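Enquirer:
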Amino acid sequence: MSFVKLTTSALALSAMAATAAVARDQVQIAGSSTVLPYASIVAELFGDNTDFPTPVVESGGSSAGLKRFCQGVGTEHTDIANASRAIRDKEIQACAEAGVTDIIEVRIGYDGIVFASQIDGPAYTAFTPSDIFNALAPQVMVDGELVDNPHTQWSDFNADLPADDILAFIPGTKHGTREVFEEKVIAAGCEATGAMEAMIAGGMSEDDAEDACLSVRTDGRSVDIDGDYTETLASIDANANAIGVFGLAFYENNTDKLKVATMSGVQPTTETIAAGEYPVSRPLYFYIKKAHIGVIPGLKEFAEFFVSDAVAGPSGPLAAYGLVSDPELAATQAMIADEQTMGGGS
Amino acid sequence: MTDAAMTPESARPTKSLTHEDARTKKRNASERRFRAYGIAAICTGLFFLLALLAAILSAGLPAFRQAVVEVPFTMTQEQFDEAEEAMLKTAIYTDYFITSLSDTMQAEGVQIEFDEDAVDRLLGKVGGDLRAYYRENQDQIGEQIGFELAASSRVDRYLKGTFTRDDLQSGNRFFMPEDFDLIDAMQEAGLIKQVFNWNFITGVDTGVDNPGGAGIGASVLGSFFMMLVVLALSLPIGVAASIYLEEFAPKNRFTDFIEVNIANLAAVPSIVFGILGLAVFIQFAHLPQSAPLVGGLVLTLMTLPTIIISTRASLKAVPPSIRDAALGVGASKMQSVFHHVLPLAAPGILTGTIIGLAQALGETAPLLLIGMVGFVARYPDTFVEGFLEPNSAVPAQIYNWAARSDAVFTEKAWGGIIVLLLFLITMNTIAVILRRRFERRW
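Top to bottom, those sequences are chains B and W. Residue 107 in this note's numbering sits at position 107 of the first sequence, and the numbers go up by one each step. Residue 77 in this note's numbering sits at position 77 of the second sequence, and the numbers go up by one each step.
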């Protein structure tokens with residue numbers, strides 16, 4: 001008898017679930033692990049300050065988040081994708097193929113990327129993009145010639161740097177941070193050291209040379225971290241002579257373990273990033289599925305709340321955590337109010 | 001005859017029970033060595049267990065204590081109305097509290113000079129708690145209430161001794177060196193103290209800037225609802241499948257094939273069930289994302305083989321004489337199974353089920369894919385919503401906290417491990433007690 005009862009209740013439960021599946025009353029967000037801290041702060045505040053339920057925020061990386069976002073329209077798909085880089089044309093196409101045509105792009109602010117090392121480790125206090133390129137590129141310029149990277153110690157190419165073995169923990173390829181690292185540091189160093197010119201002189205087309213400039217050496221001195229910054233921190237903890245790539249807010253929360261290096265002589269702070277002096281920073285975004293506005297309660301309100309002056313402005317809780325607020329926030333607010341999608345139309 | 005038998009005896013070297021010869025010595029020595037290996041193996045195991053427990057307890061127990069700021073606080077109706085009109089209401093509540101705290105500090109004779117920014121740095125995110133309280137108890141507006149609200153994570157770590165003056169090289173907007181003196185003065189005035197952190201047990205997850213408020217309660221509930229689903233589905237299905245396979249099914253190639261596959265399923269990595277769950281339950285059946293119902297369904301798939309295998313083993317352990325006797329007095333096959341075999345196998349089945357549940361309770365990987373690992377900060381309102389509303393699970397919550405930058409979250413992750421271990425120990429103890437109490441030997 002009890003079997004019959006149990007089975008019936010199990011069946012009833014699944015039936016009930018199927019009918020209730022249509023009604024989702026909270027916003028679902030997925031994407032960049034760099035944006036996750038900010039999104040979780042706003043999600044908690046949104047739940048505390050409004051009568052809407054607290055949104056659910058998942059991480060997993062910008063690319064993974066946008067992929068899920070682009071899977072289709074409907075309550076079983078996410079409403080918002082967080083990204084630490086702009087959406088790519090390829091992804092917009094994938095979205096369109098799945099019927100996700102109207103996307104609202106929201107820039108929430110800027111985030112700095114810093115190079116930090118163990119607080120008691122070697123004196124890595126000042127880098128330039130050329131230093132990082134010389135240390136981590138597969139091919140570098142030595143005495144005016146392009147050769148396979150022979151450097152094993154920082155002092156091999158810059159006498160001001162400590163004579164310690166090169167070891168760097170950099171974000172893995174699924175992170176949006178990686179793209180900024182490649183473009184603003186490695187590629188900049190590639191140009192500055194003349195390696196790019198040498199590549200073109202060596203018979204490479206300009207595009208190929210630009211691509212080649214983005215690669216890093218694969219002999220174990222540059223290690224990809226596919227997890228989040230805590231994993232990088234653990235690796236730095238275990239390797240006194242290593243440097244790691246962190247977000248500014250993460251570094252500021254761990255100043256008792258890490259010391260930061262300047263980049264081209266500029267100390268990374270929210271002020272230098274806002275002023276555009278610190279060279280390695282990138283905008284953070286989230287993308288809204290317009291088709292879900294009005295279907296998922298609180299979606300538009302959440303977006304408006306997120307970019308309001310009280311939250312994302314210079315004196316709001318996001319800035320207090322380390323986000324560099326966007327000077328053009330007012331334009332973003334107006335864009336959300338008008339539900340203006342990418343590529344024009346509203 | 002006797003002589004012939006005696007001769008070789010006398011030729012052999014003399015030996016007695018008290019006098020060992022070389023070979024006996026060697027054999028005894030090898031036995032002693034083997035025992036020593038065994039004891040060494042057990043000691044190594046115990047050493048690692050103790051080291052693990054010590055590490056977990058020393059890192060996790062601080063999570064159960066929390067630094068709070070204790071202040072008498074009065075909210076006026078005008079203040080309440082003003083705050084409720086703003087966009088970011090909690091920030092206004094926080095400001096009221098900071099003002100009130102500053103006044104109290106001056107009244108209590110804190111000698112050190114401070115500004116409101118310093119108070120802000122020492123205070124956790126109190127706005128949410130305040131607003132929730134006053135919205136709930138509007139009749140308390142105008143009354144003086146003694147609040148105990150969370151201090152900031154650095155104050156918490158300073159009182160616990162994990163953050164000292166030596167750790168701070170230079171100040172930043174999270175903490176300034178002079179704040180240490182202010183904390184000391186406030187502690188003397190009795191405004192800051194450490195209390196048992198009930199919020200850790202009953203609370204929900206919080207944003208990364210509010211480590212003091214984070215609690216594991218909601219995810220414990222999420223795990224509970226998942227276990228309900230797993231129990232309600234895997235026990236009847238698992239037991240029915242095993243009874244049929246063990247007692248009724250004909251032995252042929254088809255049932256052999258099923259048996260081999262059940263054994264194979266038990267060895268499938270759990271992440272595979274997560275991918276299956278995402279494809280079948282969410283994308284095909286359109287069940288809600290991040291819901292304990294889906295988590296429970298996925299974990300049911302994972303637990304079923306374990307339950308079937310252990311149930312079949314305990315059915316096999318019931319001697320055939322019991323079945324024969326039942327059939328002999330005229331019981332039908334089904335009567336013999338349900339009246340005689342199943343009750344005798346029940347303790348084994350229950351043990352297997354509880355161990356399967358305990359396994360499912362600690363599982364994280366499949367939950368990653370169905371959206372239960374993320375920021376989920378709410379309690380379900382009703383019993384039904386408990387299955388359908390997004391929630392996290394204890395191991396997923398631990399995984400989440402461990403990845404955050406504030407050290408207090410790491411502490412909470414260890415605390416979460418203690419909570420998870422307590423559940424696992426309780427479940428395993430129940431399994432042992434059930435087995436001891438109802439076990440029958442033949």
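Just so you know, even glycine gets a beta-carbon here, dropped at the ideal spot from N, CA and C. These figures come from a predicted structure and were not determined experimentally.
Who are residue 283(B)'s beta bridge partners in DSSP?
Expert: BP columns for residue 283(B) point to 110(B).
Enquirer: Listed from N- to C-terminal order along the chain, which residues in the stretch 47-72 of chain B have their beta-carbon within a distance smaller than 7 Å of any beta-carbon of chain W?
Expert: Residues 47, 48, 49, 53, 54, 56, 57, 58 and 59.
Enquirer: If we define contact as Cβ-Cβ less than 7 Å, is residue 346(B) a contact residue for chain W?
Expert: Bear in mind that the predicted position of residue 346(B) carries a pLDDT of just 47, short of 50, making it unreliable; the figure below should be weighed with that in mind. Judged by the 7 Å Cβ criterion, residue 346(B) is not in contact with chain W.
Enquirer: Determine the direct distance from the alpha carbon of residue 174(W) to that of residue 407(W), and round the result to whole angstroms.
Expert: In a straight line, the C-alpha of residue 407(W) is about 13 Å away from that of residue 174(W).
Enquirer: Mind listing, in chain order, the continuous alpha helix (DSSP H) runs of no fewer than 4 residues lying wholly within the stretch 143-181 of chain W?
Expert: Here the runs fully enclosed are 153-160.
Enquirer: Would you list, in chain order, the members of the stretch 215-247 of chain W that have their beta-carbon closer than 9 Å to a beta-carbon of chain B?
Expert: Answer in chain order: 229, 232, 233, 235, 236, 237, 239 and 240.
Enquirer: Determine the direct distance from the alpha carbon of residue 134(B) to that of residue 202(B), and round the result to whole angstroms.
Expert: Cα to Cα, residue 202(B) sits roughly 19 Å from residue 134(B).
Enquirer: Can you tell me the Cα-Cα spacing of residue 128(B) and residue 80(W), whole angstroms?
Expert: Their backbone Cα atoms lie some 53 Å apart in a straight line.
Enquirer: Go through its chain and collect everything with a Cβ distance to residue 264(W)'s Cβ below 6 Å, but skip five positions before and after it.
Expert: Closer than 6 Å at the Cβ level, and outside the excluded window around residue 264(W), lies no residue.
Enquirer: Taking the alpha-carbon of residue 71(B) as reference, which of 255(B), 101(B), 179(B) and 39(B) has the nearest alpha-carbon?
Expert: Residue 101(B) is the option with its Cα nearest to residue 71(B).
Enquirer: Looking at chain B, which residues of the stretch 249-265 of chain W have a Cβ within less than 7 Å of any of its Cβ atoms?
Expert: So the list is empty, because no residue satisfies the distance condition.
Enquirer: Taking contact to mean at least 3 C-beta pairs separated by less than 8 Å, is the stretch 153-168 of chain W in contact with the stretch 57-73 of chain W?
Expert: Contact between the stretch 153-168 of chain W and the stretch 57-73 of chain W is present, because at least three Cβ pairs lie under 8 Å.
Enquirer: So what does residue 147(B) bridge to, in DSSP terms?
Expert: Note: residue 147(B) sits in a beta bridge opposite 140(B).
Enquirer: Pairing CB atoms from the stretch 150-160 of chain B with CB atoms from the stretch 93-100 of chain B, are three or more of them under 8 Å?
Expert: Taking 8 Å as the limit for Cβ pairs, the verdict is that the stretch 93-100 of chain B does not touch the stretch 150-160 of chain B.
Enquirer: How big is the Cα-Cα spacing for residue 395(W) and residue 65(B)?
Expert: If you take the alpha carbons of residue 395(W) and residue 65(B), they lie about 22 Å apart.
Enquirer: Return the chain-ordered list of same chain residues with a C-beta closer than 6 Å to the C-beta of residue 58(B), the five sequence neighbours on each side being excluded.
Expert: Closer than 6 Å at Cβ, skipping near neighbours: 30.
Enquirer: List the residues of chain W that residue 164(B) touches, going by C-beta distances under 8 Å, in chain order.
Expert: By Cβ distance, chain W contributes nothing, its closest Cβ being about 21 Å from residue 164(B), past 8 Å.
Enquirer: Ordered along the chain, which non-local residues of its own chain (more than five positions away) have a Cβ less than 6 Å from that of residue 233(W)?
Expert: 300.
Enquirer: Can you tell me the Cβ-Cβ gap for residue 222(B) and residue 170(B), rounded? I've got them flagged as a contact below 8 Å.
Expert: The Cβ separation is near 6 Å, so the contact holds.
Enquirer: Using the three-state DSSP reduction, which class does residue 288(W) fall into: helix, strand or coil?
Expert: Here residue 288(W) sits in coil by DSSP.
Enquirer: Between residue 376(W) and chain B, is there a C-beta pair that is closer than 7 Å?
Expert: True, the Cβ-Cβ gap to chain B drops below 7 Å.
Enquirer: DSSP three-state label for residue 90(B), please.
Expert: Three-state result, residue 90(B): helix.
Enquirer: Rounding to the nearest angstrom, what Cα-Cα distance links residue 327(B) and residue 190(B) in this structure?
Expert: One C-alpha to the other measures close to 31 Å.
Enquirer: Rounded to the nearest angstrom, how far is the Cβ of residue 35(B) from that of residue 268(B), given a contact under 8 Å?
Expert: Actually they are not in contact, since the Cβ atoms of residue 35(B) and residue 268(B) sit about 19 Å apart, beyond 8 Å.
Enquirer: Using the Cβ count rule (16 or more neighbours within 10 Å means buried), how would you classify residue 244(W)?
Expert: It is exposed - the Cβ of residue 244(W) has fewer than 16 other Cβ atoms within 10 Å.
Enquirer: Would you call residue 19(W) buried or exposed, if buried means 16 or more other Cβ atoms sit within 10 Å of its Cβ?
Expert: Exposed is the call here.
Enquirer: When you compare the stretch 105-121 of chain B with the stretch 256-268 of chain B, are there three or more beta-carbon pairs, one atom per stretch, that lie closer than 8 Å?
Expert: Output reads yes: the stretch 256-268 of chain B touches the stretch 105-121 of chain B.
Enquirer: To the nearest angstrom, how far is it from the Cα of residue 247(W) to the Cα of residue 347(W)?
Expert: Going from the Cα of residue 247(W) to the Cα of residue 347(W) covers about 18 Å.
Enquirer: Would residue 208(W) count as contacting chain B if we go by Cβ distances under 7 Å?
Expert: Yes, contact with chain B.
Enquirer: Could one say the Cβ of residue 444(W) lies closer than 7 Å to chain B's Cβ atoms, at least one of them?
Expert: Nothing in the structure corresponds to residue 444(W), since chain W is present only between 1 and 442.
Enquirer: Are any of the Cβ atoms in chain B nearer than 7 Å to that of residue 44(W)?
Expert: No, residue 44(W) does not count as interfacial toward chain B.
Enquirer: Residue 282(W) touches chain B at which residues, Cβ-Cβ below 9 Å?
Expert: Near residue 282(W) (Cβ distances below 9 Å), the residues of chain B are 76.
Enquirer: List, in order along the chain, the chain B residues whose C-beta lies closer than 8 Å to that of residue 412(W)?
Expert: Near residue 412(W) there are no residues of chain B at all, since even the closest Cβ is about 14 Å away, more than 8 Å.
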